[in-house]
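Asker: Sharing a structure here in structure tokens format.
There are 2 protein chains.
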Amino acid sequence: MGKKSEITRQKIMDAAYRLFIEKGYDGLRMQELADRAGVNKGLLHHYFRSKQALFNSIFTRSVDELFGRIIDTAGEEKTLEARLHGIVDVYFDTLLDNPQLPVFVFFELNRNPQQVLAYFGLERLRLLVNNLSANGREIPIRQALHMVVSMVSLCVFPFMARPVILQFMKNQADFSRFIEERRPLVKSLLSHMLLTL
Amino acid sequence: MGKKSEITRQKIMDAAYRLFIEKGYDGLRMQELADRAGVNKGLLHHYFRSKQALFNSIFTRSVDELFGRIIDTAGEEKTLEARLHGIVDVYFDTLLDNPQLPVFVFFELNRNPQQVLAYFGLERLRLLVNNLSANGREIPIRQALHMVVSMVSLCVFPFMARPVILQFMKNQADFSRFIEERRPLVKSLLSHMLLTL
DNA sequence: GTCTATAAGTAGATAGAC
DNA sequence: GTCTATCTACTTATAGAC
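As given, the protein sequences belong to chains S and L, one line each in that order. In terms of our numbering, the first sequence opens at residue 1160 and continues consecutively. In terms of our numbering, the second sequence opens at residue 1160 and continues consecutively.
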């Protein structure tokens, strides 16, 4: 493969990533994608066999972005509380740059739940819960699941509700400030949860 | 209008409600909707001018279902804590019956944020926050916004993540049990939040 | 590698018979 | 009120020139 082909491929991937996340699978038109990527429509099929094939690679990347880094953070050599606080920071940093990511991933997962198994790999998810419970030595596995759900809820949902929250504010900068205010708030809540387990 | 026309109209609305929520606006095909409703495709356009018009009435109903009842609960003549706990119960009860509702609403709001203003009425949302802060007598308005976001996050997100959470369980009944376990957990968290304001 | 042209199928919407 | 048939536009995907 030449260098130019890799560049074109990347231009398509970048545009597809942004457009799929914005519009979902059914909402994206191949022509619009070609325009946005600055390439010819025929090239989309030359580099990726079909719309579905292109979507699959984008979706894999999206799920990885949404879950991958927090799984790593959950496995670090730190106290449980420090790891939880670390995950909060990772989430807020990632999602401030990419606020539409979660609603896209969960909508597509809801539309086609089989994709969970195919692209995500259930094992990595179990790893996340296990990393927090440390095989039951720190907290029981069932409690760890509740903890993970609460943590992800508090971190991720505000971004999914962004269009609504924005109605209470003047602009995007206000939203960012609101999120920054939540950072210590969520950490404190999670610390309290740890005490009550 | 005759009685039969009302029945047909209702059959269409019911099928559209389920299908739009399952597939989103772009994913729904009018033919599939006609099949599911047990009516002819032409009738869809006879009763509702267009797909968009049909969607609009479904979306209004969906937003109302997701926010309407909690706004009422927030305004009841009770202590702030009792109202918060009441909202948790309303959410869990509603969403156990209709788990796909939130991801649909937030996906469509994200796709077309103008719909917030058009169909929801920003005023009712402000009312919710105001009801909780009671015009600043109970808690400041900014804190009330954080409280509402935290509460809705903890109640709604687990349903949006249902396809993922289900991977940790055997069946739908297990998921319902998991949600029931969360009911006191979330209430206790919210009570703690009230103390720290 | 990139483009144009077009195939093949399907979408929403409408007209008109019954 | 309900159905069949059909129109027009647009969709993904491909074939083949350059």
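Heads up, the beta-carbon is just placed ideally off N, CA and C, and yes, glycines get one too. For clarity, every value in this text was computed on a predicted model and none was experimentally measured.
Quick one: residues in its chain with C-beta nearer than 7 Å to the C-beta of F1334(L), no 5 flanking neighbours on either side, listed in chain order?
Answerer: Cβ within range, chain order: R1321, I1324, L1325, M1328.
Asker: Give me the chain S residues within the contact set of N1269(L), using Cβ-Cβ distance strictly less than 7 Å, ordered along the chain.
Answerer: Q1259, V1262, P1322
Asker: Across the segment 1334-1348 of chain S and the segment 1245-1260 of chain S, are there enough close Cβ pairs to call them in contact, namely three or more that are closer than 8 Å?
Answerer: yes
Asker: Would you say K1237(S) reaches chain L, if we count a Cβ-Cβ gap shorter than 8 Å as a contact?
Answerer: no
Asker: Candidates H1351(S), S1350(S), Y1184(S), L1203(S): which alpha carbon is nearest Q1190(S)'s?
Answerer: L1203(S)
Asker: Measuring straight from C-alpha to C-alpha, what distance separates R1168(L) and P1317(L)?
Answerer: 33 Å
Asker: Using the beta-carbon count (16 or more within 10 Å), is P1343(S) buried or exposed?
Answerer: Counting Cβ neighbours within 10 Å, P1343(S) comes out exposed, since fewer than 16 surround it.
Asker: Taking only beta-carbon atoms, is F1214(L) less than 8 Å away from chain S?
Answerer: no
Asker: Tell me, please, whether the segment 1344-1354 of chain L touches the segment 1239-1248 of chain L by the rule of three or more beta-carbon pairs shorter than 8 Å.
Answerer: yes
Asker: Hey, F1266(L) and V1307(S): beta-carbon distance below 8 Å or not?
Answerer: no
Asker: List the residues of chain L that S1309(S) touches, going by C-beta distances under 7 Å, in chain order.
Answerer: Ordered by position in chain L, the residues that pass the 7 Å Cβ test against S1309(S) are L1313.
Asker: Among N1257(L), A1332(L), R1285(L), which has the Cα closest to the Cα of F1179(L)?
Answerer: N1257(L)
Asker: Under 7 Å Cβ to Cβ from K1200(S), same chain only, skipping five residues before and after it: list those, please.
Answerer: M1189, Q1190, A1193
Asker: What is the DSSP secondary structure of P1258(L), counted as helix, strand or coil?
Answerer: coil
Asker: DSSP state of N1380(S), grouped into three classes?
Answerer: The requested residue 1380(S) does not occur in the structure, where chain S is confined to residues 1160 to 1356.
Asker: Just to confirm, are L1291(S) and A1303(S) a CB contact at a threshold of 8 Å?
Answerer: yes
Asker: Work out the CA separation of G1227(L) and T1219(L) for me, nearest whole Å.
Answerer: 11 Å
Asker: Check whether chain S comes within 8 Å of K1182(L), counting only Cβ atoms and requiring the distance to be less than that.
Answerer: Closer than 8 Å to some Cβ of chain S, the Cβ of K1182(L) qualifies, so yes.
Asker: First and last residue of the alpha helix (DSSP H) that includes V1307(L)?
Answerer: 1300-1319 is the extent of the alpha helix (DSSP H) around V1307(L).
Asker: Measuring alpha carbon to alpha carbon, tell me which of L1255(S), P1272(S), R1177(S) ends up nearest Q1259(L).
Answerer: P1272(S)
Asker: What residue range does the alpha helix (DSSP H) around V1198(L) cover?
Answerer: Counting along the chain, V1198(L) falls outside any alpha helix (DSSP H), and DSSP gives it neither H nor E.
Asker: Check distances from the C-beta atoms of the segment 1161-1193 of chain L to those of chain S and list, in chain order, the residues that come in under 7 Å.
Answerer: K1182, G1183, D1185, G1186
Asker: Quick check on H1351(S) - is its C-beta less than 8 Å from some C-beta in chain L?
Answerer: yes
Asker: Ordered along the chain, which non-local residues of its own chain (more than five positions away) have a Cβ less than 7 Å from that of L1210(L)?
Answerer: Rather than Leu, the amino acid found at residue 1210(L) in this sequence is Lys. M1189, listed in sequence order.
Asker: Verify whether the separation of the beta carbon atoms of L1313(L) and S1164(S) is less than 8 Å.
Answerer: no
Asker: Between the alpha carbons of A1175(L) and L1268(S), how many angstroms are there, rounded?
Answerer: Whole-angstrom Cα-Cα distance: 21 Å.
Asker: Kindly indicate if chain S contains any beta-carbon less than 8 Å away from that of E1340(L).
Answerer: At least one chain S Cβ lies under 8 Å of E1340(L).
Asker: Kindly say whether H1305(L), judged by its beta-carbon, lies nearer than 8 Å to any beta-carbon of chain S.
Answerer: yes
Asker: Tell me whether F1207(L) sits in a helix, a strand or coil according to DSSP, three-state version.
Answerer: Collapsing the DSSP output to three states places F1207(L) in coil.
Asker: Rounded to whole angstroms, what's the CA-CA distance from A1196(S) to I1217(S)? Just pull it up for me.
Answerer: 15 Å
Asker: Determine, using beta carbons only, whether F1266(L) comes closer than 8 Å to chain S.
Answerer: yes
Asker: Starting from K1346(L) and walking both ways along the alpha helix (DSSP H), at which residues does that stretch end?
Answerer: 1331-1354
Asker: With a Cβ-Cβ cutoff of 8 Å, do R1270(S) and K1170(L) count as a contact?
Answerer: no
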